[in-house]
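Right, one structure below, let's go through it.
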Amino acid sequence: MPELPEVETVCRGLLPILENAILQDVVVRQRNLRFPVPKNFRQKLLFRRVLTVRRRAKYILMMLDDDDVIISHLGMSGRMTIYPAGEDVPPPGRHDHIEFKTTTGNLIRFSDPRRFGFMTLTSTQCLKEHKLLRNLGPEPLGNGFSGPILAASLKGRNTPIKSALLDQRTLAGLGNIYVCESLFGAGISPKRKAATVQGTRAEKLVQAIRVVLTEALVAGGSSLHDYVQPDGKLGYFQNCFKVYGQEGKACPGCHCNFLVTGGIKRISQAGRSTFYCSRKQR
DNA sequence: ATTGGTTCCTGCTGGC
DNA sequence: TGCCAGCAGGAACCAA
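Following the working numbering, the residues of the first sequence are numbered contiguously, the last one being 285.
Put into structure tokens, the structure is as follows:
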């Protein structure tokens, strides 16, 4: 499930292929994604130049000439695959929804079995105020994020810290995996009331989030279920999970006490799995 | 205003 | 072994 590190890795993979590329062809095979692909998508993009590829939260932003922007989201199972010029391209399968071909012969294929992902169009002028982007919180790896800023946005919030961190308005880019890992890193219980994460605790959480995301980025993301890098390489951060998916295993922080603690627990919060150690996380 | 529940979709898993 | 119900999950949307 692509979260910030995975999306960032995808953007970094796409950039050298798409930067300054001209789109010779755009194929839309499945219009019915999470949001419908705009009717004029192909017409609008044909023979346009891509200036750069950026990320905001979990969104991929392809910046085009003449101030147009493609906003894309990988959803749960979305994938971008690059087929470099001259390489064989396998025939499209039923989940291969959109393709970009550059004048240099490179092909980028967007696939998404579960169709929670999408691609849509906007302009650079409308980007900041776009419905999908305007309420996003700060980038966790950027300068606009700090202990005091996080503490301020958690103030008065009665929801569990787990839910608050999944809320993209609190901070942008975390999903279930990295929320669980960050809370473990900070020693904070996922059940703790968000409003009580203040001061040193908020500071510690910010640091934990930064460490987890940075390590995951270095690892090329986590290859779980569907995720692979655009060049086909697997990310390997999934081998570094301390709690996510580790139900019943010894907590890496207190494994000597396994018989007492029972190790990593799994609970359900807001309909999603949370993994944590009840001894280390308070 | 904030919060929780529902929904979209398909592939995988576990129980019989 | 095979089938199918149930589950997973990002985020918009709706309801309380």
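Each residue gets a CB set at the ideal place from its N, CA and C atoms; glycine is no exception.
- prompt: Which of helix, strand or coil does DSSP assign to residue 156?
  reply: Taking the first residue of the first sequence as 1, we reach residue 156 at position 153. Residue 156: helix per DSSP, three-state reduction.
field: Which of helix, strand or coil DSSP assigns to residue 201
entry: Taking the first residue of the first sequence as 1, we reach residue 201 at position 198. In this structure, residue 201 counts as coil in the three-state DSSP scheme.
- prompt: Using the C-alpha atoms, what's the distance from residue 30 back to residue 102?
  reply: Taking the first sequence and counting its residues from 1, the one referred to as residue 102 is at position 99. Taking the first sequence and counting its residues from 1, the one referred to as residue 30 is at position 27. Cα-Cα distance, rounded: 5 Å.
field: Buried/exposed call for residue 82, threshold 16 Cβ in 10 Å
entry: For this step, residue 82 is matched to residue 79 along the first sequence. With 16 or more other Cβ atoms within 10 Å, it is buried.
message: Tell me the DSSP secondary structure of residue 49 in three-state form.
response: The residue you call residue 49 lines up with position 46 of the first sequence. The answer is coil: DSSP assigns residue 49 none of H, G, I, E or B.
task: May I ask you to list the residues that DSSP assigns as paired with residue 272?
output: Here residue 272 is taken as the residue at index 269 of the first sequence, counted from 1. Paired residues: 275.
- prompt: If we ignore side chains and look at the alpha-carbon of each, how far apart do residue 104 and residue 154 end up?
  reply: In the first sequence, the residue the question calls residue 104 occupies position 101. In the first sequence, the residue the question calls residue 154 occupies position 151. Going by the C-alpha atoms only, they are around 45 Å apart.
task: Sort 11, 133 and 241 by Cα distance to residue 124 and report the nearest one.
output: What you label residue 124 is simply residue 121 of the first sequence in a count that begins at 1. Ranking the options by Cα distance to residue 124, first place goes to 133.
Where residue 114 sits in the DSSP three-state scheme: Taking the first sequence and counting its residues from 1, one reaches residue 114 at position 111. Residue 114 falls in the strand class under three-state DSSP.
query: Which one of 268, 9, 25 and 255 has the shortest CA to CA distance from residue 76?
result: Along the first sequence, one-based indexing puts residue 76 at 73. With distances taken between Cα atoms, residue 76 lies closest to 9.
- prompt: So, are the CB atoms of residue 54 and residue 26 less than 8 Å apart?
  reply: Translated into the one-based positions of the first sequence, residue 54 becomes position 51. Translated into the one-based positions of the first sequence, residue 26 becomes position 23. Not in contact: residue 54 and residue 26 (Cβ atoms no closer than 8 Å).
query: When DSSP labels each residue in this structure, what does residue 138 get in the three-state scheme?
result: On the first sequence, residue 138 is found 135 positions in, with the first residue counted as 1. Residue 138: coil per DSSP, three-state reduction.
message: So, for residue 185: in the same chain, excluding its five sequence neighbours on each side, which residues have a beta-carbon less than 6 Å away from its beta-carbon?
response: Taking the first residue of the first sequence as position 1, residue 185 is located at position 182. Closer than 6 Å at Cβ, skipping near neighbours: 211, 212 and 215.
- request: Tell me whether residue 252 sits in a helix, a strand or coil according to DSSP, three-state version.
  value: If you number the first sequence from 1, residue 252 lands on position 249. The answer is coil: DSSP assigns residue 252 none of H, G, I, E or B.
field: Reduced DSSP secondary structure (H/G/I, E/B, other) of residue 86
entry: By one-based count along the first sequence, residue 86 stands at place 83. Looking at residue 86 - three-state DSSP - the assignment turns out to be strand.
field: Nearest residue (CA-CA) to residue 255, options 190, 148 and 272
entry: Mapped onto the first sequence, residue 255 falls at position 252. Among 190, 148 and 272, the Cα nearest to that of residue 255 belongs to 190.
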